[in-house]
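Residue numbers (this note's numbering), protein chains in the order written: chain W, 14 to 505; chain A, 157 to 771.
Glycine included, C-beta positions come from ideal geometry on N, C-alpha and C.
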Amino acid sequence: MAVRKDKERGVMVSLDWVTIVIYIALLGLGWMSVCGASYDFDQGGNFFDFSTRSGMQIVWIGTSFLLAMVILSIDERLYDMFSYLLYIAFLLLLLATPFLAHNIKGSMSWIKIGSFSIQPAEFAKFATALCVAKYMSRTDFNIQRWWDFLVACLLIVMPMGLIVLQRETGSALVYSAFFLMLYREGMPGSILFAGLSAVVYFVVGVRFDADPFWGISAISLGRALVFLLVLLFTVGMMRVYTKAWAPVLKVFGYGMTMTLAALLFSKYVIPFDVTWVQLGVCIGMIVYLFVLAMRERYARYAYISLFAVGSLALYFSSDMMLDRLAEHQQTRIRVLLGMEDDPRGAGYNVIQAKIAIGSGGLKGKGFLNGTQTKLKYVPEQDTDFIFCTVGEEEGFLGCAIVLTLFLLLILRLIHLAERQPFAFGRIYGYCVMSVFLFHVFINVGMVLGLTPVIGIPLPFFSYGGSSLWGFTILLFIFLRMDASRNRFVHNK
Amino acid sequence: MESDRQYSNRKYVLGAVAVVIVIVYLIRLFTLQLMSDDFKRNADSNAFLKRIQYPARGAMRDRTGKLLVYNQPAYDIMVVMSEAADVDTLDLCESLGIDRGWFDRRMVEIKDRNRNPGYSSYTQQLFMSQLSAEEFSSFQEKLFRFPGFYIQKRNIRQYAYDNAAHILGDVGEVGPSDIEADDYYQSGDYIGKLGVERSYERQLRGEKGVEILLRDARGRIKGSYQEGKFDRAPVPGKNLTLSIDLELQQLGERLMKGKLGSIVAIEPKTGEVLCMVSSPTYDPRIMVGRQRGKNNQILSADPMKPLLNRAIMGQYPPGSTFKTSQALTFLEEGIITPQTAYSCSHGFHFGRLTVGCHGHPSPLPLVPAIGTSCNGYFCWGLYYMFNNRKKYASVQEAMTTWKDYMVSMGFGYQLGIDLPGEKRGMIPNAQYYDKYLRSWNALTVISISIGQGEVNLTPLQIANLGATIANRGYYITPHVVKEVQGEPLDTLYTRKHYTRVSKPNYETVVEGMRRAVTGGTCSSANNPWYEVCGKTGTAQNRGHDHSVFMGFAPKDDPQIAVAVYVENGGWGATYGVPIGALIMEKFINGHLSPESEAKAESFENRTIFYGGTER
Chain W
14 MAVRKDKERG VMVSLDWVTI VIYIALLGLG WMSVCGASYD FDQGGNFFDF
64 STRSGMQIVW IGTSFLLAMV ILSIDERLYD MFSYLLYIAF LLLLLATPFL
114 AHNIKGSMSW IKIGSFSIQP AEFAKFATAL CVAKYMSRTD FNIQRWWDFL
164 VACLLIVMPM GLIVLQRETG SALVYSAFFL MLYREGMPGS ILFAGLSAVV
214 YFVVGVRFDA DPFWGISAIS LGRALVFLLV LLFTVGMMRV YTKAWAPVLK
264 VFGYGMTMTL AALLFSKYVI PFDVTWVQLG VCIGMIVYLF VLAMRERYAR
314 YAYISLFAVG SLALYFSSDM MLDRLAEHQQ TRIRVLLGME DDPRGAGYNV
364 IQAKIAIGSG GLKGKGFLNG TQTKLKYVPE QDTDFIFCTV GEEEGFLGCA
414 IVLTLFLLLI LRLIHLAERQ PFAFGRIYGY CVMSVFLFHV FINVGMVLGL
464 TPVIGIPLPF FSYGGSSLWG FTILLFIFLR MDASRNRFVH NK
Chain A
157 MESDRQYSNR KYVLGAVAVV IVIVYLIRLF TLQLMSDDFK RNADSNAFLK
207 RIQYPARGAM RDRTGKLLVY NQPAYDIMVV MSEAADVDTL DLCESLGIDR
257 GWFDRRMVEI KDRNRNPGYS SYTQQLFMSQ LSAEEFSSFQ EKLFRFPGFY
307 IQKRNIRQYA YDNAAHILGD VGEVGPSDIE ADDYYQSGDY IGKLGVERSY
357 ERQLRGEKGV EILLRDARGR IKGSYQEGKF DRAPVPGKNL TLSIDLELQQ
407 LGERLMKGKL GSIVAIEPKT GEVLCMVSSP TYDPRIMVGR QRGKNNQILS
457 ADPMKPLLNR AIMGQYPPGS TFKTSQALTF LEEGIITPQT AYSCSHGFHF
507 GRLTVGCHGH PSPLPLVPAI GTSCNGYFCW GLYYMFNNRK KYASVQEAMT
557 TWKDYMVSMG FGYQLGIDLP GEKRGMIPNA QYYDKYLRSW NALTVISISI
607 GQGEVNLTPL QIANLGATIA NRGYYITPHV VKEVQGEPLD TLYTRKHYTR
657 VSKPNYETVV EGMRRAVTGG TCSSANNPWY EVCGKTGTAQ NRGHDHSVFM
707 GFAPKDDPQI AVAVYVENGG WGATYGVPIG ALIMEKFING HLSPESEAKA
757 ESFENRTIFY GGTER
């Protein structure tokens, strides 16, 4: 009995209070922001009235504390034990959700229980994280093996797909954050690089498609730039992943010379579409790499060649992809890329959000004095666009404090993850950190007009029980694991 | 375990990613929040509906308390461009009785920042001004159909009488230059354009108030901002009491009908202008409201220049009325004494130079010389003054002394009346002649002594000469506003300006002017009720002579000094004297005798033909 008591005390003592302080600080600031965002100038407001959002948020915060305490009192080994079961349960729940849900603004992700609605997608994150951690912490798991890597990816992609079916693309995209964890666990950096390249091709290709290159109207600037990037990225990969210099110089030299020659000819002699020459250069480069791979019997050339093929394929399909997207998503992408100016339509949210934040100045307008947010110029001002309230009422200083707190949280989570004695804890920890980083990156970036408008909440700030509970569970399971890290060390 | 640890350096990459993201966002926040005020202004124009509350413009009364200018409510239609995008244009045009072309043009005009520097698509812009009460009520019923259109009540000017247009002036919409000069004004505001409306703009306009309302994203009003802490109530404009006597003004305008010229009457003791007639005049009531622009154009195009206030803008040779100022100068300089007599044989003869005069006994001392308006006397006076080398080293020095006397009497510079556009007239100085003549002497410039030649005065300056003589040596700057509500009069209009001439010399000249009435050129102004002093003038010019009169009454307790200038009216006695006499009689007696009334009627109907030439 005495032993057990010591163990209990041990959890509270070895609990990472730094994270908890940050958590409580963010919740406090978040609640203030919800008060500010839902305050009505006409009616004034009692923030503790449970019929208002600020009052309800207190309920969510209170229940989150309870939830946190419950989680801390559960033996962390249970999570390890039941992680597959939890994962399967949540997959089933996600599968069932579209059938149980009622439509809220086109989203089929909310299940109504009594007078409350919950969003299973918010809770599936921790189950997925546990499951992936469990799978990847197997002793025979090796991320370098294609099969193991694929299974890990599959575990991540399955809930993602199910959430897309609920028409919650934003929540689904959050799962791509797990690739940061995979990177930490040894996934080749080239995969992240390839993913990043894909985004760059897409953005450059779409953004500059209609612009002429160097004043030559026959050439699409976007296309020319993409082909140039394919050449440069491929050459760069050759340099990084193979030790031989000669092929790098050969490909780069020939490629650039031909492109330049064609460009000068087009500019000063007969204007023609140089991108065909560039395409030829790229294809020549691919063939050359393939031949190299065959001749030298060096698979990396083949992979780099594949990268170039993939790059071209992705570019040619990007237009098709854009067409496949729903109309409002297409518009959002075009507005984000600065191709369309639509202050009353898709750009409205972002413009009003920028106005709200920009009007805050250094110190902000003061608590409850924000006009932009309270007069409903900013839509979703207490959920996805809550950061506007911080910007308007607390100013640059308030924003800096909030962002710094988030940064501290993320760095702290990296630190905690790294000190886990076992892969399971570390992987789970990186999942948690990745999710927070992704949410902050996308949510704040969207409000600042830097990332696409993807409707995901700002952790601890956005109004709503599901997301708050979801983040609390995600975080406190990890804190519980961390609190008992020493036990295993002692046992050894 | 080993293989897991080999990637542990990647924690730095991930940490760096997080740090970079936060730094980029902080930079972005810095540029958004601290680098520009645009967002702040944008947010304010989003959220704050500044409803301007126009103060009532001050009213004007005449010196007897008759209301001359007041306000009447009118309704302006305002538009907020950012909200007015979906308006049914056809319906709107029909409701307002305007055509589509006008609507389109007006919308372009509003958005043109050159013409409308204060344009913002988020604030109310003037669309159409001054709807009458009936037009307003029918439009108001339909207002809900036109989002972005608002009605703004304001006051428009009303003039109770068709008199004193030049004094009262008018108000009109501010132009771009007004807005630039004073940021109090916004496009669509009104500003005094002429007359007292312009010179007392600051006192009359009051201070605009503002009510700051909160407006949500759908344009709904969500109450006032911070319980009206930042609201400002409008401060009404100040009422003015003019020194003008309406009845006197009306009489003056009657008498000047069909003639070009001016009447100015001043109360000598105070410098208050009792009447200021400029003929032809116009009805100030046509310069109100939407027809102002059109009527202003018609008046501007009129060759008789009715918009010109001849009383202060007309610069005329004063003719013989100027001789009084010469007599004063010569006396003060000791060139003559009251007993000095000069001969005049039908004029001033010197070598081949002759300045003609009419028949009268010769030689004459000063008082009868003024009474008969002897040209010879004043030519000799100037001659002896300018050739007095004991007193003045050169003719230039004599000229400068002479000029200083003239300036001390209010000539050659603006008097500073509280009306816009006053001209300074012309008093030549030595430098002037040095510049334009190879050599000159007293004879060259002799005609300035009889108010001809280079000398030009405004009728106001002539009247002010009368007032100065009436005061025996000083004047108070003439002004048309007697009282500004709750504000003392500018000391400019209470301070006495003494001339360089002493009082006894004035008494001599007063005697001369009295002689002109009792037995000289102004005898028709003589009456049994009070002693009139006067001086005629017959100013030569290219056409028919101008008829001029300057006088005051009663002699020993002057209540009124008057100047009459009738262009091409002939002898001073023909128009100047009788008109001046009627004005004095009306003011001093309060009414005209039956004979005078008959005389007034005959003058009212006398028209001078001026031809159609540009004047």
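For residue i, which three-state DSSP category applies?
i	result
Lys-147 (chain W)	helix
Arg-217 (chain A)	strand
Gln-365 (chain W)	helix
Met-284 (chain A)	strand
Glu-428 (chain A)	strand
Ser-475 (chain W)	coil
Thr-464 (chain W)	coil
Cys-412 (chain W)	helix
Glu-294 (chain A)	First, the residue type needs correcting, since residue 294 (chain A) is Ser and not Glu in the sequence shown. Residue state, collapsed to three classes: helix.
Lys-711 (chain A)	coil
Val-16 (chain W)	Its pLDDT being 45, under 50, Val-16 (chain W) is placed unreliably by the model, and the measurement read from it follows with that caveat. The answer is helix: DSSP assigns Val-16 (chain W) an H, G or I state.
Gly-726 (chain A)	coil
Asn-504 (chain W)	Note that Asn-504 (chain W) has pLDDT 45, beneath the 50 cutoff, so the model's placement of it is unreliable and the number below is only indicative. Here Asn-504 (chain W) sits in helix by DSSP.
Arg-771 (chain A)	A caution first: Arg-771 (chain A) carries a pLDDT of 48, below 50, which makes its placement in the model too unreliable to give a value.
Gln-453 (chain A)	helix
Asp-336 (chain W)	helix
I'd like to know if residue i contacts chain D, where contact means its C-beta is closer than 9 angstroms to some C-beta of that chain.
i	result
Ala-199 (chain A)	In the displayed structure, chain D is absent; the protein chains listed are W and A.
Measure the Cβ-Cβ separation of residue i and residue j and say whether it is below 9 angstroms.
i	j	result
Pro-424 (chain A)	Asn-597 (chain A)	no
Phe-329 (chain W)	Leu-39 (chain W)	no
Ser-324 (chain W)	Leu-209 (chain W)	no
Phe-195 (chain A)	Ile-33 (chain W)	no
Tyr-472 (chain A)	Pro-634 (chain A)	no
Met-460 (chain A)	Val-433 (chain A)	no
Leu-185 (chain A)	Ala-413 (chain W)	yes
Val-294 (chain W)	Phe-240 (chain W)	yes
Val-673 (chain A)	Asn-682 (chain A)	yes
Tyr-196 (chain W)	Arg-166 (chain A)	yes
Could you list which residues in chain A have their beta carbon closer than 7 angstroms to that of residue i, in chain order?
i	result
Tyr-196 (chain W)	Arg-166
Leu-420 (chain W)	Ala-174, Val-175, Val-178
Whose Cβ in chain W lies nearer than 8 angstroms to the Cβ of residue i?
i	result
Ile-454 (chain A)	Correct list: empty, because the minimum Cβ distance to chain W is about 46 angstroms.
Tyr-569 (chain A)	Near Tyr-569 (chain A) there are no residues of chain W at all, since even the closest Cβ is about 54 angstroms away, more than 8 angstroms.
Asp-372 (chain A)	Leu-388, Lys-389, Tyr-390
So with CB distances below 7 angstroms, who are the chain W contacts of residue i?
i	result
Phe-195 (chain A)	Lys-367, Ile-368, Gly-371, Ser-372
Ile-177 (chain A)	Phe-454
Gly-171 (chain A)	Leu-424, Ile-427
Tyr-163 (chain A)	Arg-197, Glu-198, Gly-199
Run down chain A in chain order and give the residues with a C-beta less than 9 angstroms from the C-beta of residue i.
i	result
Glu-393 (chain W)	Those within 9 angstroms of Glu-393 (chain W) in chain A number zero; the least Cβ separation is about 12 angstroms.
Please list the partners that residue i has in chain A, where partner means a Cβ-to-Cβ separation under 8 angstroms.
i	result
Ala-413 (chain W)	Leu-182, Leu-185
For a test of your reading of the model: does the CB of residue i fall under 8 angstroms from any non-hydrogen atom of the ligand HEM? Yes or no.
i	result
His-514 (chain A)	Ligands in the displayed structure: none, and consequently the ligand HEM is not present.
*asked:* Which runs of the beta strand (DSSP E) at least 3 residues long sit entirely within the region 350 to 417 of chain A? Give them in chain order.
replied: Taking 3 residues as the minimum length, the beta strand (DSSP E) runs contained wholly in the region 350 to 417 of chain A are 365 to 371, 377 to 380, 396 to 398, in order along the chain.
_Given 8 angstroms, three or more beta-carbon pairs between the region 630 to 639 of chain A and the region 396 to 406 of chain A_ = yes
*Within the region 98 to 182 of chain W, note down every full beta strand (DSSP E) run reaching 3 residues or more, in order along the chain.*
124 to 126, 129 to 131
*Would you call the region 302 to 322 of chain A and the region 255 to 271 of chain A touching, i.e. three or more CB-CB distances under 8 angstroms?*
no
*Is there contact between the region 293 to 307 of chain W and the region 185 to 203 of chain W, where contact requires at least three CB pairs shorter than 8 angstroms?*
They do not touch, by the three-pair rule.
_3-residue-minimum beta strand (DSSP E) runs that sit fully inside the region 583 to 636 of chain A, ordered along the chain_ = 630 to 632
*Mind the definition here: the region 332 to 347 of chain A touches the region 450 to 467 of chain A only if three or more C-beta pairs lie below 8 angstroms; say whether that holds.*
no
*Could you tell me whether the region 464 to 471 of chain A touches the region 565 to 584 of chain A, where touching means 3 or more Cβ pairs closer than 8 angstroms?*
yes
_Given 8 angstroms, three or more beta-carbon pairs between the region 400 to 412 of chain W and the region 462 to 470 of chain W_ = Pairwise C-beta distances place the region 400 to 412 of chain W out of contact with the region 462 to 470 of chain W, as fewer than three of them are shorter than 8 angstroms.
*Report yes or no: do the region 211 to 223 of chain A and the region 279 to 286 of chain A share at least 3 C-beta pairs separated by less than 8 angstroms?*
Counting Cβ pairs under 8 angstroms, fewer than three are found: no touch.
*asked:* Across the region 307 to 318 of chain W and the region 243 to 255 of chain W, are there enough close Cβ pairs to call them in contact, namely three or more that are closer than 8 angstroms?
replied: yes
*Segment contact flag, the region 706 to 714 of chain A with the region 679 to 697 of chain A, C-beta cutoff 8 angstroms, min 3 pairs*: yes
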